[in-house]
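Read the structure below first, then the notes.
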Amino acid sequence: MVVFNGQLKIRIREALDLKPTAWSLRHAVGPKTQTFLLDTYIALNVDDSRVGQTSTKQKTNSPTWNYEFITEVHDGRKIELSVFHDAPIGYDDFVANCIIQFEDILQNSSKHFEDWIDLEPEGKVYVVIDLSGSSSEAAAGSTENEERVFRQRMRPRKRQGAVRRRVHQVNGHKFMATYLRQPTYCSHCRDFIWGVLGKQGYQCQVCTCVVHKRCHELIITKCAGMKKQDDMVGEVGSQRFSVNVPHKFSIHNFKVLTFCDHCGSLLWGLMRQGLQCKVCKVNVHRRCESNVAPNCGVDARGIAKVLSDLGVTPDKISNSAQRRKKLTQAQDPQQPLSGIPQIEDDRSKSAPTSPCDQDVKELENIRKALSFDHRGEEHKTHPLSSSSSVDTVTCDTLTGGDGNSVGEESEESQANGEVKGHSAPEAKRMNLHDFVFIKVLGKGSFGKVMLAEMKGTDEVYAVKVLKKDVILQDDDVDCTMTEKRILALARRHPYLTQLFCCFQTKDRLFFVMEYVNGGDLMFQIQRSRKFDEARSRFYAAEVTSALMFLHRHGVIYRDLKLDNILLDDEGHCKLADFGMCKEGILNGVTTTTFCGTPDYIAPEVLDVSLIQHS
């Protein structure tokens, strides 16, 4: 994987043939569905960072923007252009998107690209890209960041959680976390999708199929809404097997309650409620017929399991040969097409030869990323098999500092093939059995915060428990490590929540923090109804002091709300929950990521302007 460092200059000129997705037209009836006009804008992201978005063009499916963006890129892997319909109510509807790899632009030593790029599922966009900088191979074990979707944290009543936005792309499907308002079954494993609060499952914005979050990467069939590329059939590097067995649907009367095997919802009505395949007995709505994948009689779960045993996930079966061919033709029209596939042939044939090694590397990288003690060398030099069986890890006793020097030191020792001995006294090793958990202080999508007492002492702590599978599933490894580093930094300021130590088990992470027993400002203002001016000034002064400290160290706090401001036993403020903080905002560096809690989002975030500390 090639990464790019330098300046990116991209001009988005126009788009053609945009069409609303089946998901956005799910409530539309009548002939207007054929002439539906969109209010479109394009959001530009580099990896997981929002660069900006164009203005909204009203009532047109072929908008013209001529917007230019200039941004600095550090270890950039991909550019994502996402088209959205500016909906008057609720979240904006997804229309189409495309991903451009920096590696594809730089493959012919060219740093200029200008051409039409096909969007999925419909349309195309004309872009001009200029790169000024250098490229290099990504470090071994580095992982590529995935796209963002809106995600809402779980909170008690009257407390809204912060949201993020992410699109999961698997075989052409555009999955987004979705709140399901009626009982729904997974179209992959056929199991019920449980849950009442939050977004229970993933739904493709193009073909409307619904799956569990755990199943979305196991879909082996291509999205029915993808563009048909018949001229590319047999292209070297395309998907290594083809699932194309059409269903034979006919109208059917169901005598018992039946759920659609595609969108998962109930087939309503007393007679002729839907369609049933004569061969495989799949039941679907009439509206879902055109979106059902041609997989009649195919055991999708069995194929996904076999691929999993081979160390291959279905979302990575098809590579970028077709996309590379399109970009190569645009950059060098004189180059014969016969000269392109040879490299792709070697690459595609060599890809599956060592899936086990690749899988082990990915697991090793996950363990390195989630090493929560100061002995990073131990986790990095021990084999995965031995380290994964250990349920006890070293407590990370923090004495200040930013927590980065130890990690850098361990990487240097690993590169030199050395394992450093511990000249300093051995730190106390701690595990789950050193604490007695008393009660649950709070819950969220991240996990729980529990009140715990250390055995043999009268000291109580607030222990934040995070599930590793949830962190990996939501691609929140970076957010978790950021929170840990900022908690370490917080030791140097009295108005930030203090971290005493942290450790991990095989499936969970534990932050042992000070127990702040005065409640949060949301609880206090609900009890007092209104703060007087002197009290408000006092709270504002302490919170401002904490924020100024973070700003001096290049950290912006993007989820400031009453829920995250705690009071200690003396009435002083303590800022908590650093999961949405952003590091490195110094010397004019800005960010445009849309995140925060809906009722408390700052105006500059809603305006999608360049954000830095105030």
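Counting from 1, one number per residue, gives the positions in the sequence shown under UniProt numbering. Backbone N, C-alpha and C fix where the C-beta goes; we use that ideal spot for every residue, glycine too. In this text the structure is predicted, and so the values were computed from the model without any measurement.
Only counting the same chain, and skipping five residues up and downstream in sequence, which positions put a Cβ closer than 8 Å to that of Ser-134?
On the sequence shown, position 134 is the one that residue 134 refers to. Within the same chain, Ser-134 has close Cβ partners Phe-4, Asn-5, Gly-6.
Quick check on the burial criterion: 16 or more other C-beta atoms within 10 angstroms. Buried or exposed for Arg-529?
Here the question's residue 529 lines up with position 529 in the sequence shown. Around the C-beta of Arg-529, fewer than 16 other C-beta atoms lie within 10 Å, and the residue is accordingly described as exposed.
Considering Arg-552, what are the terminal residues of the alpha helix (DSSP H) in which it resides?
Along the sequence shown, one-based indexing puts residue 552 at 552. Start and end: 533-552.
Is it true that the region 563-582 meets the region 520-539, where meeting means three or more beta-carbon pairs spaced less than 8 Å apart?
Short answer: they touch.
Whole angstroms is fine: what's the gap from Ser-265's alpha carbon to Ile-471's?
The residue you call residue 265 lines up with position 265 of the sequence shown. The residue you call residue 471 lines up with position 471 of the sequence shown. Going by the C-alpha atoms only, they are around 29 Å apart.
Can you tell which of Val-211, Ala-490, Asn-517 has its C-alpha closest to the C-alpha of Leu-441?
Along the sequence shown, one-based indexing puts residue 441 at 441. Of Val-211, Ala-490, Asn-517, the residue nearest in Cα terms is Asn-517.
To which residues does DSSP link Gln-203 through a beta bridge?
Residue mapping note: residue 203 aligns to position 203 of the sequence shown, counting from 1. Gln-203 pairs with Met-176, Val-210.
Are the beta-carbon atoms of Tyr-126 and Phe-84 separated by less than 9 Å?
As a working note, residue 126 is residue 126 in the sequence shown. As a working note, residue 84 is residue 84 in the sequence shown. No.
Report back the beta-carbon spacing between Gln-498 and Arg-492 to the nearest angstrom; my notes put them in contact at under 8 Å.
Numbered from 1 along the sequence shown, position 498 holds the residue referred to as residue 498. Numbered from 1 along the sequence shown, position 492 holds the residue referred to as residue 492. Not really, about 10 Å apart at Cβ, beyond 8 Å.
Starting from Glu-103, trace the alpha helix (DSSP H) both ways and give me its first and last residue.
The residue you call residue 103 lines up with position 103 of the sequence shown. Start and end: 102-106.
Spell out a yes or no on whether the region 213-221 and the region 270-283 are touching, meaning 3 or more CB-CB pairs, one atom from each, closer than 8 Å.
no
Between which residues of its own chain and residue 615 is the CB-CB distance below 6 Å, once the five residues before and five after are set aside?
Because residue 615 is not part of the residues shown, which for the chain are 1 to 614, the question remains open.
Which residue's Cα is closest to the Cα of Val-463: Val-46, Phe-437, Val-170?
Locating residue 463 in the sequence shown gives position 463, where the first residue counts as 1. Comparing Cα-Cα distances from Val-463 to each of Val-46, Phe-437, Val-170, the minimum goes to Phe-437.
Our contact map puts Ile-89 next to Ile-100 with C-beta atoms below 8 Å; I'd like the distance itself, whole angstroms only.
As a working note, residue 89 is residue 89 in the sequence shown. As a working note, residue 100 is residue 100 in the sequence shown. Actually they are not in contact, since the Cβ atoms of Ile-89 and Ile-100 sit about 32 Å apart, beyond 8 Å.
Could you check if His-433 is buried or exposed, using at least 16 other CB atoms within 10 Å of its CB as the buried criterion?
Position 433 of the sequence shown, counting from 1, holds the residue named residue 433. Exposed, by the Cβ-count rule.
Out of curiosity, what's the CA-to-CA distance linking His-262 and Ser-187?
Locating residue 262 in the sequence shown gives position 262, counting from the first residue. Locating residue 187 in the sequence shown gives position 187, counting from the first residue. Going from the Cα of His-262 to the Cα of Ser-187 covers about 5 Å.
If we ignore side chains and look at the alpha-carbon of each, how far apart do Pro-20 and Leu-451 end up?
Numbered from its first residue, the sequence shown carries residue 20 at position 20. Numbered from its first residue, the sequence shown carries residue 451 at position 451. Looking at the backbone, the Cα of Pro-20 and that of Leu-451 are separated by about 49 Å.
State the Cα-Cα distance for the pair Asp-191 and Cys-215, rounded to the nearest angstrom.
Locating residue 191 in the sequence shown gives position 191, where the first residue counts as 1. Locating residue 215 in the sequence shown gives position 215, where the first residue counts as 1. Cα-Cα distance, rounded: 11 Å.
In chain order, what residues of the same chain lie with their CB nearer than 6 Å to the CB of Asp-507, ignoring the 5 residues before and after it?
On the sequence shown, position 507 is the one that residue 507 refers to. Lys-468, listed in sequence order.
Would you tell me roughly how many angstroms separate the C-alpha atoms of Thr-591 and Val-449, rounded to the nearest one?
Here residue 591 is taken as the residue at index 591 of the sequence shown, counted from 1. Here residue 449 is taken as the residue at index 449 of the sequence shown, counted from 1. The straight-line gap from Cα to Cα measures roughly 30 Å.
With distances taken from CA atoms, which of Glu-533, Thr-178, Leu-25, Glu-14 is nearest Tyr-67?
Here residue 67 is taken as the residue at index 67 of the sequence shown, counted from 1. Ranking Glu-533, Thr-178, Leu-25, Glu-14 by Cα distance to Tyr-67 puts Glu-14 first.
Alpha carbons only, please: which of Ser-136, Val-312, Phe-259 is nearest the one belonging to Gln-107?
On the sequence shown, position 107 is the one that residue 107 refers to. Closest by alpha carbon: Ser-136.
Can you tell me whether Trp-65 is buried or exposed? The criterion is at least 16 other CB atoms within 10 Å of its CB, across all chains shown.
Residue numbering aside, residue 65 sits at position 65 when the sequence shown is read from its first letter. Buried.
Using DSSP's beta-bridge definition, name the partner residues of Val-46.
Mapped onto the sequence shown, residue 46 falls at position 46. Bridge partners of Val-46: Ser-49, Ile-79.
For Arg-11 versus Thr-593, is the C-beta spacing smaller than 9 Å?
Within the sequence shown, numbered from 1, the residue matching residue 11 stands at position 11. Within the sequence shown, numbered from 1, the residue matching residue 593 stands at position 593. The answer is no: Cβ separation not under 9 Å.
Using a Cβ cut-off of 9 Å (strictly closer), state whether Asp-191 contacts chain B.
Absent from the structure: chain B. Only one protein chain is present.
Identify whether Ile-220 lies in helix, strand or coil by the three-state DSSP scheme.
Taking the sequence shown and counting its residues from 1, one reaches residue 220 at position 220. Correct three-state label for Ile-220: coil.
Given this structure, state the Cα-to-Cα distance separating Glu-377 from Cys-502, to the nearest angstrom.
Here residue 377 corresponds to residue number 377 of the sequence shown, with the count starting at 1. Here residue 502 corresponds to residue number 502 of the sequence shown, with the count starting at 1. With a pLDDT of only 36 at Glu-377, under the threshold of 50, the placement of this residue in the model should not be trusted, and no figure is reported.
Give the DSSP-derived three-state secondary structure of Thr-480 in the structure shown.
What you label residue 480 is simply residue 480 of the sequence shown in a count that begins at 1. Looking at Thr-480 - three-state DSSP - the assignment turns out to be helix.
The alpha helix (DSSP H) with Phe-192 in it runs from where to where?
The residue given as residue 192 occupies position 192 in the sequence shown. That residue, Phe-192, is in no alpha helix (DSSP H); it is neither H nor E in DSSP.
Under 8 Å by Cβ, that's how I've got Asp-130 and Lys-9 pegged, so tell me the actual separation to the nearest angstrom.
Here residue 130 refers to the residue found at position 130 of the sequence shown. Here residue 9 refers to the residue found at position 9 of the sequence shown. Distance from Asp-130 to Lys-9 at the Cβ level is roughly 4 Å; contact confirmed, criterion being Cβ atoms closer than 8 Å.
Going residue by residue through the region 560-597, where are the continuous beta strand (DSSP E) segments of at least 3 residues, counting only ones entirely within it?
565-567, 573-575
Does Arg-535 pass the burial test, meaning 16 or more other C-beta atoms within 10 Å, or should it be called exposed?
Start at 1 with the first residue of the sequence shown, and residue 535 comes out as number 535. With fewer than 16 other Cβ atoms within 10 Å, it is exposed.
Going by other Cβ atoms of all chains shown within 10 Å of its Cβ, with 16 needed for buried, is Thr-208 buried or exposed?
For the purposes of this step, residue 208 is identified with residue 208 of the sequence shown, where counting begins at 1. Under this definition Thr-208 is a buried residue.
Grab me the residues of Lys-199's own chain with a C-beta within less than 6 Å of its C-beta, minus the 5 sequence neighbours each way, in chain order.
Within the sequence shown, residue 199 is the residue found at index 199, counting from 1. The answer, listed in chain order, is Ala-177, Thr-178, Tyr-179.
Taking C-beta to C-beta, are Leu-16 and Lys-124 nearer than 9 Å?
Position 16 of the sequence shown, counted from the first residue, corresponds to residue 16. Position 124 of the sequence shown, counted from the first residue, corresponds to residue 124. Yes, these two residues count as a Cβ contact at 9 Å.
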